[in-house]
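Chains as they are written, first to last, in the working numbering: chain G, 6 to 116; chain Y, 3 to 118. First the structure, in the form of structure tokens, and then the observations on it.
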């Protein structure tokens, strides 16, 4: 079945460091891909999305490119801030089926 | 736009009582709402999919008689945890899908339930 695999956390970085959170997927069709962010004690917020191969989603300095050949959607940011500390979820959906989430990756950014 | 609210944001109840959680789409109509459960430091687990005016579709392993879902209008869905027990303590999150925007779901802020 469809699934999403994320790199295990926690990821601990210093402020202004480069961030990569790996995400790979398996899907029977051509899914749309998403990154959601969850701040402590809150629900999920959509960070960015891509709906077809080679699309690049971007928001708030974060980027991810839909790579069909490697079935990946890695999240990157060139310079993280303390305020980026949160849990990041990679997810996919195909058709009108349910969202499939990865396990989540906790990011902690220190000053 | 596309704001989803949940009420209450947190609730403490005694074992054996029932608790109702509301999920509202504030500025849009949603044909479908979803209810998720999240345990500490874990991912979201889909409990059920709720379509306005029809019965909810529950995921395997979710007790429909324990987690009652009502989707009475295009802007309101409720989850009632009946005869709650301490193991039902969790973070419950709803999401709503916008009619015209295909796949995208908008998530509520979550409700933390603690059963004592």
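From the three backbone atoms N, C-alpha and C, an ideal C-beta is built for every residue, glycine too. Everything numeric in this text was worked out from a predicted model, so none of it was measured.
Could you tell me the alpha carbon to alpha carbon distance between residue i and residue j, rounded to whole angstroms?
{"i": "residue 83/Y", "j": "residue 60/Y", "result": "14 angstroms"}
{"i": "residue 27/G", "j": "residue 81/G", "result": "9 angstroms"}
{"i": "residue 2/G", "j": "residue 55/Y", "result": "Outside the shown range of chain G (6 to 116) lies residue 2/G, about which nothing can therefore be said."}
{"i": "residue 50/G", "j": "residue 51/Y", "result": "19 angstroms"}
{"i": "residue 69/G", "j": "residue 61/G", "result": "6 angstroms"}
{"i": "residue 96/Y", "j": "residue 38/Y", "result": "6 angstroms"}
{"i": "residue 23/Y", "j": "residue 63/Y", "result": "20 angstroms"}
{"i": "residue 87/G", "j": "residue 57/Y", "result": "44 angstroms"}
{"i": "residue 67/G", "j": "residue 53/Y", "result": "33 angstroms"}
{"i": "residue 25/G", "j": "residue 67/Y", "result": "43 angstroms"}
{"i": "residue 10/G", "j": "residue 54/G", "result": "17 angstroms"}
{"i": "residue 72/Y", "j": "residue 32/Y", "result": "14 angstroms"}
{"i": "residue 74/G", "j": "residue 33/G", "result": "14 angstroms"}
{"i": "residue 72/G", "j": "residue 79/Y", "result": "36 angstroms"}
{"i": "residue 136/G", "j": "residue 118/Y", "result": "The structure shown has nothing for residue 136/G, since chain G only spans 6 to 116."}
{"i": "residue 102/G", "j": "residue 98/Y", "result": "14 angstroms"}
{"i": "residue 65/G", "j": "residue 106/Y", "result": "19 angstroms"}
{"i": "residue 105/G", "j": "residue 28/Y", "result": "25 angstroms"}
{"i": "residue 78/G", "j": "residue 41/G", "result": "12 angstroms"}
{"i": "residue 34/Y", "j": "residue 44/G", "result": "25 angstroms"}
{"i": "residue 37/G", "j": "residue 10/Y", "result": "32 angstroms"}
{"i": "residue 115/G", "j": "residue 42/Y", "result": "22 angstroms"}
{"i": "residue 35/G", "j": "residue 52/G", "result": "20 angstroms"}
{"i": "residue 40/Y", "j": "residue 8/Y", "result": "15 angstroms"}
{"i": "residue 20/G", "j": "residue 89/G", "result": "9 angstroms"}
If residue i sits next to residue j, beta carbons under 8 angstroms apart, how far is it from one beta carbon to the other, in whole angstroms?
{"i": "residue 76/G", "j": "residue 12/G", "result": "15 angstroms between Cβ atoms; not a contact."}
{"i": "residue 6/Y", "j": "residue 108/Y", "result": "5 angstroms"}
{"i": "residue 48/G", "j": "residue 111/Y", "result": "4 angstroms"}
{"i": "residue 77/Y", "j": "residue 114/Y", "result": "That belief does not hold up - the Cβ atoms of residue 77/Y and residue 114/Y are roughly 23 angstroms apart, past 8 angstroms."}
{"i": "residue 69/Y", "j": "residue 81/Y", "result": "6 angstroms"}
{"i": "residue 31/G", "j": "residue 7/G", "result": "6 angstroms"}
{"i": "residue 2/Y", "j": "residue 100/Y", "result": "Outside the displayed range of chain Y (3 to 118) lies residue 2/Y, so it cannot be described from this structure."}
{"i": "residue 92/G", "j": "residue 18/G", "result": "Not a contact, Cβ separation roughly 14 angstroms."}
{"i": "residue 100/G", "j": "residue 23/G", "result": "Not quite, the Cβ-Cβ distance comes to about 35 angstroms (not below 8 angstroms), so this is no contact."}
{"i": "residue 75/Y", "j": "residue 116/Y", "result": "Not quite, the Cβ-Cβ distance comes to about 29 angstroms (not below 8 angstroms), so this is no contact."}
Just reading off the beta strand (DSSP E) that residue i is part of, what are its end residues?
{"i": "residue 94/G", "result": "91-98"}
{"i": "residue 53/G", "result": "49-55"}
{"i": "residue 98/Y", "result": "92-100"}
{"i": "residue 82/G", "result": "80-82"}
{"i": "residue 117/Y", "result": "113-117"}
{"i": "residue 110/G", "result": "110-115"}
{"i": "residue 108/Y", "result": "107-109"}
{"i": "residue 84/Y", "result": "No beta strand (DSSP E) contains residue 84/Y, which DSSP labels as neither H nor E."}
{"i": "residue 8/G", "result": "8-11"}
{"i": "residue 88/G", "result": "Counting along the chain, residue 88/G falls outside any beta strand (DSSP E), and DSSP gives it neither H nor E."}
Contact between the stretch 44-53 of chain Y and the stretch 96-116 of chain G (3+ Cβ pairs under 8 angstroms):
yes
How do the stretch 83-95 of chain Y and the stretch 12-22 of chain Y stand: do at least 3 beta-carbon pairs fall below 8 angstroms, yes or no?
yes
Uninterrupted alpha helix (DSSP H) stretches inside the stretch 22-47 of chain Y (no shorter than 4 residues)
none
Which full runs of the alpha helix (DSSP H) of 4+ residues lie inside the stretch 13-68 of chain G, going along the chain?
none
Identify every run of the beta strand (DSSP E) within the stretch 53-82 of chain Y, keeping only runs that are complete inside it and at least 3 residues long; order them along the chain.
69-75
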